[in-house]
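Novice: Chains as they are written, first to last, in this note's numbering: chain W, 1 to 223; chain A, 224 to 327.
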Amino acid sequence: MTIPHAPGNGHGGHDHEEHPGMAHDEELGYYAVRAKAMEALLVQKGICSPDEIQGMVDRLEARSPSDGARVVARAWADPAFKSLLLSDPEAALVQLGYSLPETTPKLDVVENTNELHHLVVCTLCSCYPRALLGRPPDWYKSLAYRSRAVVDPRGVISEFGLDLADDVEVRVLDSTADLRYLVLPRRPEGTEGMSEEELAGLVTRDSMIGVTDARSPQAAHSG
Amino acid sequence: MTQFSSSSGGEPARFHAGDEVRVRVDNPGGHFRTPTYIQGQTGRVHKLCGVFPNPESLAYGGDGQPAQPLYRVEFSQKEVWPEYGGPASDMIHVDIYQHWLEPV
Chain W
1 MTIPHAPGNG HGGHDHEEHP GMAHDEELGY YAVRAKAMEA LLVQKGICSP
51 DEIQGMVDRL EARSPSDGAR VVARAWADPA FKSLLLSDPE AALVQLGYSL
101 PETTPKLDVV ENTNELHHLV VCTLCSCYPR ALLGRPPDWY KSLAYRSRAV
151 VDPRGVISEF GLDLADDVEV RVLDSTADLR YLVLPRRPEG TEGMSEEELA
201 GLVTRDSMIG VTDARSPQAA HSG
Chain A
224 MTQFSSSSGG EPARFHAGDE VRVRVDNPGG HFRTPTYIQG QTGRVHKLCG
274 VFPNPESLAY GGDGQPAQPL YRVEFSQKEV WPEYGGPASD MIHVDIYQHW
324 LEPV
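1. Distance, Cα to Cα, isoleucine 261/A vs phenylalanine 255/A?
2. So, helix, strand or coil for glutamine 210/A, using DSSP?
3. Under a three-way DSSP split, which group does tyrosine 294/A fall into?
4. Mind checking if glutamine 288/A is an interface residue toward chain W, Cβ cutoff 9 Å exclusive?
5. Could you work out which residue in Asp166/W, Lys82/W, Val71/W, Ser222/W is closest to alanine 131/W when comparing CA atoms only?
6. Which residues in the same chain have their Cβ closer than 8 Å to the Cβ of aspartate 213/W, if we skip the five residues on either side of it in sequence?
7. Helix, strand or coil for glycine 273/A, going by three-state DSSP, please let me know.
8. Please list the segments of the alpha helix (DSSP H) lying wholly inside the segment 87-148 of chain W, counting only runs of 4 or more residues, in order along the chain.
9. Inspect the beta-carbon positions of proline 105/W and aspartate 178/W and report whether they are closer than 9 Å.
10. Check the Cβ of leucine 293/A against every Cβ in chain W and list those closer than 9 Å, keeping chain order.
11. In terms of residue numbering, what span does the alpha helix (DSSP H) encompassing leucine 199/W cover?
12. Could you pull out every residue in the same chain whose Cβ sits closer than 7 Å to the Cβ of threonine 257/A, ignoring the five residues on either side in sequence?
13. Return the Cβ separation of aspartate 88/W and histidine 316/A in integer angstroms, given the expectation that the two are a contact with Cβ distance under 8 Å.
14. Which residue wins for smallest C-alpha separation from glutamate 297/A, given the options Pro289/A, Leu281/A, Met314/A?
15. Does chain W have any CB closer than 9 Å to the CB of valine 268/A?
16. If we count the other Cβ atoms within 10 Å of its Cβ and call it buried at 16 or more, is aspartate 138/W buried or exposed?
17. What residues in the segment 297-319 of chain A bring their beta carbon closer than 9 Å to a beta carbon of chain W?
18. Taking 9 Å as the threshold (beta carbon to beta carbon), is arginine 154/W in contact with chain A?
19. Would you please verify whether the beta carbon of tyrosine 283/A is less than 9 Å from any beta carbon of chain W?
20. Under 9 Å, Cβ to Cβ, is there at least one residue of chain A near leucine 124/W?
21. Have a look at tyrosine 31/W and glutamate 115/W and give me their C-alpha separation to the nearest angstrom.
22. Is isoleucine 315/A helix, strand or coil by DSSP?
23. Cutting at 7 Å between CB atoms, please list the residues of its own chain near glutamine 218/W, excluding the five before and the five after it.
24. Work out the CA separation of alanine 37/W and glutamine 54/W for me, nearest whole Å.
25. Can you tell me whether tyrosine 140/W is buried or exposed, with buried defined as 16 or more other CB within 10 angstroms of its CB?
26. Cβ of proline 258/A less than 9 Å from any chain W Cβ?
27. At the level of alpha carbons, what is the spacing between glycine 12/W and leucine 293/A?
28. With which residues is glycine 193/W paired in a DSSP beta bridge?
29. In chain A, what lies closer than 9 Å to glutamate 169/W by C-beta?
30. Output, in chain order, the set of chain W residues within a Cβ distance shorter than 9 Å of phenylalanine 238/A.
31. Exposed or buried, glycine 155/W, counting other C-beta atoms within 10 Å across all chains shown (16 or more means buried)?
32. What's the call for asparagine 277/A, buried or exposed, on a 16-neighbour Cβ count within 10 Å?
33. State the beta-bridge partners of arginine 171/W as determined by DSSP.
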């Protein structure tokens, strides 16, 4: 077996080992080979079985932003659920039939309001609430997003099409450790009579990362 | 959040919400989860997130003990980035394990 050349560590003086597949698209061959080798070792040493590995992959692949959208829509429609979601996210998710695997990092939900706008990033790698939203978008893992989101969050948000007034606090969350953050976006105006299913249609993946707001009913209608 | 993942208690929490803390400057080598941009900065504990096995040990097959309290620490963007262009009220929150924090 030929092992492709290992990519260098691009961080100046930063000794953190990066996760597979981030900001090194041309090097995926190396990481794919390494993942296979690690998988084989885990099985060989009896740490886990191929079925367990596949089971975890299947669970993650089964999730998508539409799961998060369902949760957000319920929070918009039901104040008691929203308050539980903010105080004990896992208990709230169980109510909707989601049971997160035991190994999942803890989920924390933060609420965007007219005064406070959260933006989530993982500067060290690509931490993301995968257990609920599935895999992150490629840009979330890019070096450009990971560095600019902390230094110039308003610039990044504006490039995604949202201009925030100066009296709105922008709060960046760098999920460096054992928590994964889900943003509860603001409920758009003009959605008073909408059903939960219609509301869920306004909740985008990007709004749950905080780079945008949820879509307005008008925008959803035209596009 | 009420659920803590540590089964064995871990290190007792030294800090509380509102406490001023400084992030240590260090490079322990290998895997660690305190970004270099926040090292040396002074912030305020936003909340205690729980007690978790130490990732610097877990990364090399260790048991992660003693488990470390994990805090969400808030920093002023203007203090972290002197060139920051946004309003003074903008903040950045970073999750930091207790052994990286010292009292101010």
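Ideal placement from N, C-alpha and C gives every residue a C-beta, glycine not left out. Every value quoted in this text rests on a predicted model; they were computed, and no experiment measured them.
Specialist: Taking the definition as stated:
1. The C-alpha of isoleucine 261/A lies about 13 Å from the C-alpha of phenylalanine 255/A.
2. Chain A is shown from 224 up to 327; residue 210/A falls before or after that span and cannot be answered.
3. In this structure, tyrosine 294/A counts as strand in the three-state DSSP scheme.
4. Glutamine 288/A does not count as touching chain W.
5. Nearest option by C-alpha distance: Val71/W.
6. Once the five neighbours on either side are set aside, the close Cβ partners of aspartate 213/W are Asn112, Leu162, Pro185, Arg186, Pro188, Ser207.
7. In the structure shown, glycine 273/A sits in a strand (DSSP, three-state: E or B).
8. Listed in chain order, the complete alpha helix (DSSP H) runs (minimum 4 residues) inside the segment 87-148 of chain W are 89-95, 130-133, 138-141.
9. Yes, the pair counts as a contact, with Cβ atoms nearer than the cut-off.
10. Counting only Cβ-Cβ distances below 9 Å, leucine 293/A has contacts in chain W at Ala177, Asp178, Leu179, in chain order.
11. Annotation for leucine 199/W: the continuous alpha helix (DSSP H) segment containing it runs 196-200.
12. So the list reads Val246, Ile319, Trp323, once near-sequence residues are dropped.
13. At roughly 20 Å, the Cβ-Cβ gap does not stay under 8 Å, so aspartate 88/W and histidine 316/A are not in contact.
14. Looking at Pro289/A, Leu281/A, Met314/A, the one whose alpha-carbon comes closest to that of glutamate 297/A is Met314/A.
15. Cβ-Cβ to chain W under 9 Å: no for valine 268/A.
16. Exposed: under 16 other Cβ atoms inside 10 Å.
17. Considering only beta carbons, the part of the segment 297-319 of chain A lying closer than 9 Å to chain W consists of Glu297, Gln300, Val303, Trp304, Glu306, Tyr307, Gly308, Gly309, Pro310, Ser312, Asp313, Met314, Ile315, His316, Val317, Asp318, Ile319, in chain order.
18. Yes - at least one Cβ of chain A is within 9 Å of the one on arginine 154/W.
19. Output row for tyrosine 283/A: interface = no.
20. Leucine 124/W belongs to the set of residues whose beta carbon lies under 9 Å from a beta carbon in chain A.
21. Our two residues, tyrosine 31/W and glutamate 115/W, have alpha carbons roughly 42 Å apart in a direct line.
22. Strand.
23. Excluding residues within five positions, none has a Cβ falling inside 7 Å.
24. Using only the alpha carbons, I get a separation of about 15 Å.
25. It counts as buried.
26. Residue-level contact by beta carbon holds for proline 258/A and chain W, with a gap shorter than 9 Å.
27. Because the pLDDT of glycine 12/W is 39, which lies under 50, any placement of that residue in the model is unreliable, and the question is left without a value.
28. Answer by DSSP bridge pairing: none, since glycine 193/W is not bridged.
29. Within chain A, the residues near glutamate 169/W are Pro310, Ser312, Asp313, Met314.
30. Chain order gives no chain W residues near phenylalanine 238/A, where near means a beta carbon separation below 9 Å; the closest approach is about 15 Å.
31. Within 10 angstroms of the beta-carbon of glycine 155/W lie fewer than 16 other beta-carbons, which makes it exposed.
32. Answer is buried; the Cβ neighbour count reaches 16.
33. DSSP lists His118/W, Met314/A as partners of arginine 171/W.
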